[in-house]
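Here's the structure we're looking at; comments come further down.
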Amino acid sequence: MELLVASAIGVLTAGGVYLLTRMRTFPVILGISLLTYAVNVFLFASGRLTVGAPPILTDGVEVYADPLPQALVLTAIVISFGMTAVVVMIALGAYLGSDDDHVDDPDPAPDSGPDSAPDSASDDMLGEDRT
Amino acid sequence: MSLFLVVALPFLGALLPGLMNSAGRQACAGITFTVTLAALIGLLTNAPAVFAGELVTARVLWLPDLGLNVTLMLDGLGFFFACLILGIGLLIIAYGRHYLARKDNMGEFFTYLLLFQGAMVGIVLSDNILLLLIFWELTSLSSFLLIGYWKHLPEGRQGARMALTVTGMGGLAMIGGMLILGQIVGSYDLSVILQNRDLIQADPLYVPALILILLGCFTKSAQFPFHFWLPHAMAAPTPVSAYLHSATMVKAGIFLMARMWPVLSGTPEWFVLVTGAGLITMVLGAVIALFKHDLKALLAFSTVSHLGLITMLLGTGTAFGAMAAIFHILNHATFKCALFMSAGIIDHETHTRDIRRLGGLRHLMPITFTIATLAALSMAGIPLLNGFLSKEMMLEEANKTVFFDNPWLVPALATFGSLFSAAYCFRLIGHVFLGPQRDDYPAKPHDPGPGLWLPPALLMIPVVVIGIAPFVAEPFVKLVTASVLGDAAEVPPNYFKIWHGLVPALYMSIVAVVGGLLLLLTFNPALRLWDATPRPEAKTIFDAIIAACVRAAQKLTHGLHNGAFSRYALISVITIVAVCWHAWSTGTEAPATRTPLPIGPVELVGWLALVAATLGLVALHRNRLLALILMGLVGLVVSIGFVYFSAPDLAMTQITVEVVTIILLLLALNFLPNRTPIESTFLRRFRDGSVAVVAGIGAAVFSYHLLLRDAVLPAISEFHLANSYKGGGGTNVVNVILVDFRGFDTYGEIIVLGIAALLIYALTETLLGGPVRARLLNRTPDQPRAGDMHPMMMVVLTRVIMPVVMMVGFYIFLRGHNEPGGGFIAGLVVSIGVVMQYMASGFSWASARLRYPYHGVIGAGVLIAGLTGIGSWFVGKPFMTTDFTYVRIPPFQEFELATALAFDLGVFLSVVGAVMLSLESFSRLARRVHDEASEHPMDIDPSRDAPPAPAAPHPQGGR
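Here it is, written out as structure tokens:
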């Protein structure tokens, strides 16, 4: 069983990473979601796998699943919804504003040229009082 | 008055000029004057104690663990400087009131001035060197604002930037030096440091500390090779120049050298560095000053020269040198401030500062002529004026100083510098005031009103009085000198007098004055020679250095951060994998301690579904809708997995979150293209795929190893399991952890969630308020719209099911403490119920029935959770301590009441509010203005069958 869970984490991670490196916003968002699944399952599994022993205190039951990772993952799931929503909103805003849903800047900044020192260099030499 | 108040008054007062701005210029200047006067009077109330030789202190512990305390002390030296700062400050404020033009913002000016004044007073009264450093940096910042006050002038901006760069860098160096000093002594209090001369000078770190501290002093006091910023700072309004360069900013470095004199001076390193820099600066400044045509530039370089003189005197390390330095600080402050003010008057009245365009002003501006001539003669070192006395002392000290085993070097250079100094003073008088009257002044010159000439005239009183009766200043200067020397040396017994007999210093003085006059007579040939001499322009070098730094920084930044997100992601992943590989290959591996659980056919099917969905998602991700469905499948399997592995709470959360996430992504997909085109090359996809596979294998192997081994340390979960019921009153340990054990975490999480939702709302507002709105309104959907926008079956079903959903949510909420459920899950369930209404009946219909704005719901949730936590304060417990009890209200069974329930209610409301606000914001993008709320479930779109139908009326009509 551990093998299945571990390999599932691996498959989710691989899919997430691959989509994360795509060039459009939507696949990247899907990639982040897949990575979120992978991370959540991994965190949950760090409490080790237990079958049939939910952490609901019951008389006469001694073995329970580790509740702490569960509590942490629970909030993580909800927060990840919030984060996904923000990222989607940003992606949407960028697309609606520029009609372009590429993730990368269209034109990687050119290697520093003379025009790239906007303030100090080009602000003219008026301060000189040489005669 | 307490020293705290003396330091705090200018800072507090800095709030006032801005407020008084609308009350007029007089009120604005008046309040500034009053504040400064109050601080000065407060300082003077401490004078009796200072003159009695006591050390006035004020002390408040601030960060004692770091050695940073607000400790102030007032001794002779601090008193002297504080008097200069506040006293000359008063004159400057009066002068500035009349100097600034009507269009200049006076409130802003005086605010900066008071900030600067407070920082300066802070420097000279600090007992703690860390506190001193804070004030030191504050002077750099506030002087930046003052120098750049005329923002419209490029010279002003550049000069301010240069001053900030140079003094700021020096300040950074000084921080290092001061920290070393504090480490050597073991205390950051000056009063302690000053007692440890031998300890400091014997330390191997003495030289680095000395160099770093001197870097700070030299940059601040414009010593060679950092002298170049000061003339460029002349772009400031003249009151600022007069203030910064006579009594304050540039004297801060001198002050610190004097302050540190007892512990740092007297070593060969100190002597060579300080005297050397001072000598070079003195000679260089004097020579350049002579050939400057701008009146203020001439004065600026003369300031540089005089600062060099004072530095040199401090560098000699003798008590007499220190006394001469103190005396000259006093004299220089008086005549130089008056000269700057006179230059300002000339500029103000004739509209030019170019000496070549001036001349013959003595009859046109007799008052200014008198003041400027007295001050300039004093600067030249003419007897019966105060400058003569300290210059004589300097020459006498120079005469005794042996530099590099050469007894002639220092006296010769000092005389040479004095000669040029006399020459530029005579030039100032001769070329500006004497000579024939001209008829081509840019403006008709005349003496200004008393508001401008009175402040410099007042400064002439000490110039003349001290010059004629030096014994007046003697006790005070000796008192200050005593506090500079500390225990290191005795105050020299020399008397201050005009006539010392035929001593070498007198001959040197005569040589300087006569030589200066001769030099002025041959000024024109000398100027031609000067102009023909090639010399480096400091500003060009400075700009080149800055430009090189900017280029290097840009190269680095653009190289690392080129805007390609996919590249960052790839680099991050590769780095993480590499680090993990390193850890793996160098670590040790413990044997497996857990026996694997058996794999049944059902589990295998679940696994297959997950893997197939994930792989399908990756393979088919270009079809975005399909990808979304597959992602829903992945989420579903994950939730089932949670159920299987004993995590019912997680499963419920996951599945509800899955629903809202998919709805959210669908809403977004409504606007985005529904296909992802193939853009990357095969090679690139292969590269990304390989990295992804390696990362996946890494994650799998790591997880597998983890899962087969028990934790090395006992898990803290045992505590939670044991105390969940006893301490938290709940049997659902996960929920008790959320609302009780780790309640503070949860509190933070709901706040984050709320902020995320508000951020989405704000972004939507921004989009809808901008040009995107027009584009949204004119958007033609890329797919045909559904005929019946609100299908009847769905409308009916969702409305019927709504109360049931609410009840389920309520139930899940209430039972959460003991059974799977709780605020998070209930919130999500209720959100889904509400979202269904939006989906089925339309945005307008649903929002028309919305009674509470979602912002308010989020706020109420956070507030309730917070108040529940605060409630425990009232029973004397720490924040978020929970309590519970069992109550029985007939006819119900006994049930539990826990404060955690109120907290969970806060969680519930925050989740509902956040989820709904996010989704609502997204749907608002899609909403058309003319959308009307439909009352009826069967609002069939009539244009479906006859697309070109011209504005057919709605069958059922709106409202």
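As you go down the protein sequences, you meet chains A and B in turn.
Note that the working numbering numbers the first sequence so that position 56 is 56, with each residue one more than the last.
All you need for the working numbering is the position in the second sequence, starting with 1, plus 131.
Glycine included, each C-beta is placed from N, C-alpha and C at the ideal position.
Chain B partners of residue i, CB-CB under 7 angstroms?
| i | result |
| --- | --- |
| L12(A) | T745 |
| L49(A) | L728, F776, L838 |
Mind pulling the chain B residues with CB within less than 8 angstroms of residue i?
| i | result |
| --- | --- |
| G15(A) | T745, L746, L748, V749, A823, G827 |
| A65(A) | F776, S777, A778 |
| L43(A) | Residues of chain B passing the Cβ test: none, with the nearest at roughly 10 angstroms. |
Return yes when the Cβ of residue j is within less than 8 angstroms of the Cβ of residue i, no when it is not.
| i | j | result |
| --- | --- | --- |
| L244(B) | L277(B) | yes |
| D101(A) | P667(B) | no |
| A431(B) | H376(B) | yes |
| A996(B) | F1015(B) | no |
| M1011(B) | F813(B) | no |
| V611(B) | I457(B) | yes |
| G218(B) | L143(B) | no |
| H363(B) | Q289(B) | yes |
| L748(B) | V765(B) | yes |
Could you give the distance in angstroms between the alpha-carbon of residue i and the alpha-carbon of residue j?
| i | j | result |
| --- | --- | --- |
| M380(B) | M496(B) | 30 angstroms |
| A506(B) | L461(B) | 13 angstroms |
| S1052(B) | G15(A) | 30 angstroms |
| N177(B) | F210(B) | 9 angstroms |
| A428(B) | D334(B) | 42 angstroms |
| A888(B) | A85(A) | 8 angstroms |
| P110(A) | S770(B) | Low confidence applies to P110(A): its pLDDT is 47, below 50, so where it sits in the model is not reliable, and the reading given next is rough at best. Each residue's Cα considered, the two are about 47 angstroms apart. |
| I441(B) | D104(A) | 59 angstroms |
| F654(B) | F557(B) | 11 angstroms |
| I943(B) | G953(B) | 6 angstroms |
| D331(B) | G317(B) | The sequence given here has Ile at residue 331(B), not Asp. Rounded to whole angstroms, I331(B) to G317(B) spans 11 angstroms at the Cα level. |
| H752(B) | I29(A) | 11 angstroms |
| Y501(B) | L660(B) | The sequence given here places Thr at residue 501(B); Tyr does not occur at that position. Straight-line Cα distance between these residues: approximately 32 angstroms. |
| L1028(B) | L741(B) | 42 angstroms |
| V733(B) | I786(B) | 20 angstroms |
| H851(B) | V966(B) | 36 angstroms |
| M309(B) | G407(B) | 22 angstroms |
| P54(A) | T13(A) | 27 angstroms |
Who are the near neighbours of residue i in its chain, counting only those whose CB is closer than 7 angstroms to its CB and skipping five residues on each side?
| i | result |
| --- | --- |
| F602(B) | F627 |
| M525(B) | L440, L444, A455, H459, A545 |
| V788(B) | L959 |
| V704(B) | V822, A826 |
State the CB to CB distance for the pair residue i and residue j, rounded to an integer number of angstroms; the pair is presumed to be in contact (CB under 8 angstroms).
| i | j | result |
| --- | --- | --- |
| A71(A) | G47(A) | The pair is not a contact, with the Cβ atoms about 10 angstroms apart (cut-off 8 angstroms). |
| Y397(B) | G448(B) | According to the sequence provided, residue 397(B) is Gly. The question's Tyr does not apply to it. Right, their Cβ atoms sit about 5 angstroms apart. |
| V644(B) | G512(B) | 7 angstroms |
| I56(A) | T877(B) | No, I56(A) and T877(B) are not in contact; Cβ-Cβ is about 19 angstroms, not under 8 angstroms. |
| T75(A) | E880(B) | 5 angstroms |
| Y969(B) | S1054(B) | 6 angstroms |
| T483(B) | P573(B) | 5 angstroms |
| E1040(B) | A991(B) | Checking the sequence shown, residue 1040(B) turns out to be Leu, not Glu. At roughly 5 angstroms, the Cβ-Cβ gap stays under 8 angstroms, so L1040(B) and A991(B) are in contact. |
| L134(B) | L221(B) | With 8 angstroms as the limit, L134(B) and L221(B) do not qualify as a contact, their Cβ atoms being about 19 angstroms apart. |
Residues of chain A with CB under 7 angstroms from residue i, in chain order?
| i | result |
| --- | --- |
| N863(B) | I56 |
| W738(B) | L4, A8 |
| H752(B) | L19, P27, L30 |
| V788(B) | I77, V78, F81 |
Strictly below 9 angstroms CB to CB, what residues from chain A border residue i?
| i | result |
| --- | --- |
| L701(B) | V17, L20, T21 |
| V704(B) | V17, L20, T21 |
| Q332(B) | Result: empty, since nearest Cβ-Cβ is about 41 angstroms, beyond 9 angstroms. |
Residues in the same chain with beta-carbon distance under 6 angstroms from residue i, minus the five sequence neighbours each way, listed in chain order, please.
| i | result |
| --- | --- |
| E268(B) | G302 |
| G617(B) | L325, P393 |
| L470(B) | L430, A506 |
| F974(B) | S1054, R1058 |
| F534(B) | L540, V541 |
What does residue i touch in chain A if you count any residue whose Cβ is under 8 angstroms from its own?
| i | result |
| --- | --- |
| L651(B) | The premise fails here: L651(B) is roughly 18 angstroms from chain A at the closest Cβ pair, so nothing lies under 8 angstroms. |
Leaving out five residues before and five after residue i in sequence, what residues of the same chain have Cβ atoms less than 8 angstroms from its Cβ?
| i | result |
| --- | --- |
| V414(B) | S436, G439, L544, F547, G548, F551 |
At a CB-CB cut-off below 9 angstroms, which residues of chain B make contact with residue i?
| i | result |
| --- | --- |
| G93(A) | L894, T895, T897, L898, V903 |
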